[in-house]
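Down below is the structure, laid out as structure tokens.
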Amino acid sequence: MKIWPHSYEFRLRVALGLGGDLMLTSRIRNMNTDGKPFTFAFACHTYFSVSDRSEVRVEG
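Here my numbering is used: the first residue of the sequence shown is 505, the next is one more, and so on.
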């Protein structure tokens, strides 16, 4: 018995910004390869250690 009974391909592409900027861009692509419908969700949980939270900004 399979843990996940669907055939699929999941791609995650991660790139950093030019010039050394700490900018994370993610591209998520889920391709259902067997044609059977299934629910898909993705969450990116990031945990960065910061010394001063007043200097942190979250956008998006």
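We put the beta carbon where it would ideally sit given N, CA and C, even for glycine.
Item, Value
"Compute the Euclidean distance between the alpha carbons of ALA545 and SER555, then round it to the nearest angstrom.", "32 angstroms"
"May I ask you to report which of helix, strand or coil DSSP gives ARG561?", "coil"
"Rounded to whole angstroms, what's the CA-CA distance from GLY523 to HIS549? Just pull it up for me.", "25 angstroms"
"Spell out the partners DSSP gives PHE514 in its beta bridges.", "ASN534"
"Taking a contact to mean a Cβ-Cβ separation below 8 angstroms, would you say MET535 touches GLU563 in this structure?", "no"
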